[in-house]
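Numbering (our numbering), first residue to last: 890 to 978.
Beta carbons are placed, not taken as given, at the ideal position from N, Cα and C, and that holds for glycine.
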């Protein structure tokens with residue numbers, strides 16, 4: 890029974906080559922994009938999992954705007970003074 894289904898599918902693929910190629914390329918592209926999205930989400934959710942209170946950790950971003958361009962930083966050089974300021978708020 891399964892062998893019969895494979896024969897019918899193969900004949901259909903060979904009969905309509907362009908249609909089959911478009912469908913297979915679309916399926917492969919969709920699966921690749923889905924896998925990349927899953928990997929991106931997994932990477933984003935994996936930060937600070939080793940910390941006991943990882944849900945209480947925040948990252949402060951710094952953006953400097955120069956004439957013609959802007960630069961973003963994710964680090965703060967004086968972390969102790971910033972933490973004292975945040976505790977006061």
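9 Å Cβ cutoff met for residue i and residue j
i	j	result
residue 947	residue 953	no
For residue i, the first and last residue of its enclosing beta strand (DSSP E)
i	result
residue 951	951–955
residue 959	958–962
Where the alpha helix (DSSP H) containing residue i begins and where it ends
i	result
residue 919	906–934
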